[in-house]
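The sequence shown maps to residues 23 to 208 in our numbering. Each remark here refers to the structure printed beneath this line.
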Amino acid sequence: MAEHPVEMLSSHSMLLGQWNKTWPELFTEFGWSESQTNKGRKTGFAQIQRRSKRVTIGNDVWIGEGCYISRGVKIGDGAVIAARATVVKDVPPYAIVGGTPAQIIRYRFDREVINGLMDIKWWNYGPEIISEADWGNPISCIEHMKFKISSGAKIYSPDYVRVTPQGVVVDCSGSSLSENINDYKT
Numbered sequence: 023m024a025e026h027p028v029e030m031l032s033s034h035s036m037l038l039g040q041w042n043k044t045w046p047e048l049f050t051e052f053g054w055s056e057s058q059t060n061k062g063r064k065t066g067f068a069q070i071q072r073r074s075k076r077v078t079i080g081n082d083v084w085i086g087e088g089c090y091i092s093r094g095v096k097i098g099d100g101a102v103i104a105a106r107a108t109v110v111k112d113v114p115p116y117a118i119v120g121g122t123p124a125q126i127i128r129y130r131f132d133r134e135v136i137n138g139l140m141d142i143k144w145w146n147y148g149p150e151i152i153s154e155a156d157w158g159n160p161i162s163c164i165e166h167m168k169f170k171i172s173s174g175a176k177i178y179s180p181d182y183v184r185v186t187p188q189g190v191v192v193d194c195s196g197s198s199l200s201e202n203i204n205d206y207k208t
């Protein structure tokens, strides 16, 4: 999506780009000055820069089909975004949001459960952290996971693989992502 500063006189890119080179008559026939266009570009790009942050998506998040998420928005751990929602502001952990603009419909759990899940960060552990737990009872699950963590459960650090454009799976175990980053470029 193109970014145009909407706080300036016009959102037209003529006030931002190098239009004076494409249309020199802006200077000769319409009285524009180099300092005016430079100031406009500086102001416009500063406004765009403020909005150019990345979207941050937490762990264990479900995003429904066809959602729009504005730049710079943070989606909290465990959140659910309803299909076709327009998310224009941060979503708290374990909130269920929907609509245009997205509003909190409710929270998945009560505050006690949310705090417990945020404290343990169960997604940092392997799938065994939830083995033998009653998944339908979040409070029981939290206690179960706390016990496993206190008993020495380790942070999960999986090996990773990459798939080439030809569909070949390559084991990258023992090497860092930075050593293989060029392999991801097509």
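Ideal placement from N, C-alpha and C gives every residue a C-beta, glycine not left out.
Query - Closest Cα partner of A68 within the set G120, M30, I97 - result: Within the sequence shown, numbered from 1, the residue matching residue 68 stands at position 46. Of G120, M30, I97, the residue nearest in Cα terms is M30.
Terminal residues of the continuous alpha helix (DSSP H) containing D141?
Locating residue 141 in the sequence shown gives position 119, counting from the first residue. Element bounds for D141: 133-142.
Q. Going by the CB atoms, is the gap between A101 and P123 shorter than 8 Å?
A. Position 101 of the sequence shown, counting from 1, holds the residue named residue 123. Position 79 of the sequence shown, counting from 1, holds the residue named residue 101. It is not a contact, given that the beta carbons lie outside the stated cut-off.
TODO: Quick one: measure Cβ to Cβ for V119 and I127, integer angstroms, because I've assumed they're closer than 8 Å.
DONE: For the purposes of this step, residue 119 is taken as the residue at position 97 of the sequence shown. For the purposes of this step, residue 127 is taken as the residue at position 105 of the sequence shown. About 6 Å separates the two Cβ atoms, so the contact holds.
**C-alpha distance - Q188 paired with G88, whole-angstrom precision** = Walking along the sequence shown from the start, residue 188 turns up at place 166. Walking along the sequence shown from the start, residue 88 turns up at place 66. Those two C-alpha atoms are separated by around 29 Å.
- prompt: Just how far apart, CA to CA, sit V185 and D193?
  reply: Within the sequence shown, the letter at position 163 stands for residue 185. Within the sequence shown, the letter at position 171 stands for residue 193. One C-alpha to the other measures close to 9 Å.
Practice task
Name, in chain order, the residues that DSSP records as bridge partners for W84.
Solution key: Against the sequence shown, residue 84 aligns to sequence position 62. Answer is V102, bridged to W84.
Exercise. Got a sec? Which residues, its chain only, sit under 6 Å from I164 by beta carbon, not counting five neighbours each side?
Worked result: Indexing the sequence shown from 1 puts residue 164 at position 142. Same-chain partners within the cutoff: G138.
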